[in-house]
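Residue numbers for the sequence shown follow full-length UniProt numbering, so the first one is 1 and each next one is one higher. Built from N, CA and C at the ideal position, the CB exists for glycine as well. Only one structure is covered here, and it is reproduced in the block below.
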Amino acid sequence: MTSKSDSQSRFFVEPGVDERSDNSHGLDQSEIFHILQTNRRRDVIAYLLNEDGPVKMRDIAEIIAADEHDTTVGELTSVQRQRVYIPLYQTHLPKLDTKRIIEYDKARGIVRPAERLETFRPYLDVAKSRGDRGSPKRSSDRSHFADAFNRYYVAATAANTGLIVTSAAGLLSLPGTTLAAITTSLFVLAVGATAIADSSAREATEDGSATTLRYRE
Numbered sequence: 001m002t003s004k005s006d007s008q009s010r011f012f013v014e015p016g017v018d019e020r021s022d023n024s025h026g027l028d029q030s031e032i033f034h035i036l037q038t039n040r041r042r043d044v045i046a047y048l049l050n051e052d053g054p055v056k057m058r059d060i061a062e063i064i065a066a067d068e069h070d071t072t073v074g075e076l077t078s079v080q081r082q083r084v085y086i087p088l089y090q091t092h093l094p095k096l097d098t099k100r101i102i103e104y105d106k107a108r109g110i111v112r113p114a115e116r117l118e119t120f121r122p123y124l125d126v127a128k129s130r131g132d133r134g135s136p137k138r139s140s141d142r143s144h145f146a147d148a149f150n151r152y153y154v155a156a157t158a159a160n161t162g163l164i165v166t167s168a169a170g171l172l173s174l175p176g177t178t179l180a181a182i183t184t185s186l187f188v189l190a191v192g193a194t195a196i197a198d199s200s201a202r203e204a205t206e207d208g209s210a211t212t213l214r215y216r217e
């Protein structure tokens with residue numbers, strides 16, 4: 001059976017953001033988009049938003065693996081489980097823990113919701129019924145984030161071009177330093193989108209190449 005890929009949407013995330021940032025108001029939008037750029041992180045967050053307490057990391061991995069392979073948890077093979085379990089264990093769950101979105105007890109294999117988890121509820125189509133919790137709506141998420149990226153990139157590029165043209169035509173009067181700062185910021189947004197694409201490709205490679213860890217039955 002063909003496996004769905006852990007595809008990723010592309011968003012700009014500011015370079016130099018501290019991984020342990022103490023932002024008491026939560027994550028900014030660029031960080032949120034960066035977290036949500038992979039299906040597996042989105043699926044983990046969606047699953048936990050429908051849970052009332054701690055869950056086993058193994059259970060999360062099995063639900064996601066079943067969804068990716070269009071099968072049930074009971075029909076999963078050991079290889080299919082490992083393909084999801086390993087990237088979650090090595091990459092995705094530690095990242096969510098670092099951002100204080102979850103609390104991940106790696107030694108015990110336990111995952112708990114943390115202070116920033118609710119930040120993501122508006123961004124995800126989370127099923128209200130616990131009976132739907134195993135279907136994170138992968139294709140819908142992919143379309144939503146791809147559309148958001150396109151709007152983000154096109155708006156930044158168009159605004160930058162518009163500012164330069166209107167200023168050159170004398171239709172907009174801005175101090176040179178102000179115009180330079182604005183156009184530079186918009187340029188960084190556009191270029192940053194490409195950086196996220198590269199970052200996404202690297203994470204996809206990591207997801208597919210990790211083979212040294214054994215799934216714990």
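query                                                                                                           : result
Cβ contact (3+ pairs, closer than 8 angstroms) linking the region 114-122 and the region 88-100                 : yes
Whether Arg-40 touches His-92 by CB criterion (8 angstroms)                                                     : yes
Residue 237 versus Thr-119: straight-line alpha-carbon distance, rounded                                        : Because the chain here runs from 1 to 217, residue 237 falls outside it and cannot be looked at.
Beta carbon of Tyr-123 nearer than 8 angstroms to that of Leu-27                                                : no
Reduced DSSP secondary structure (H/G/I, E/B, other) of Glu-115                                                 : coil
Bounding residues of the beta strand (DSSP E) (the contiguous stretch that carries Tyr-85)                      : Element bounds for Tyr-85: not the beta strand (DSSP E) but the alpha helix (DSSP H), 78-87.
Buried or exposed (CB count within 10 angstroms, at least 16 for buried), Arg-83                                : buried
Paired residues, beta bridge with Tyr-47 - DSSP                                                                 : In DSSP, Tyr-47 forms no bridge with anything.
Contacting residues, own chain, Cβ-Cβ under 6 angstroms from Ile-110 (five flanking each side not counted)      : Pro-54
Buried or exposed by the 16-neighbour rule on C-beta atoms within 10 Å, applied to Asp-52                       : exposed
Local Cβ density within 10 Å of Val-44, reported as buried at 16 or more and exposed below that                 : buried
Cα-Cα separation between Ala-66 and Asn-50, rounded to whole angstroms                                          : 18 angstroms
CB contact flag (Glu-62, Arg-81, <8 angstroms)                                                                  : yes
Residue nearest to Leu-88 in terms of C-alpha spacing, selected from Arg-42, Thr-77, Thr-71                     : Arg-42
Thr-56 - DSSP class collapsed to helix/strand/coil                                                              : For clarity, residue 56 is Lys in the given sequence; the question names Thr instead. If DSSP states are grouped into helix, strand and coil, Lys-56 belongs with the strands.
Cβ neighbours of Arg-108 in the same chain (closer than 7 angstroms, five flanking residues each side left out) : none
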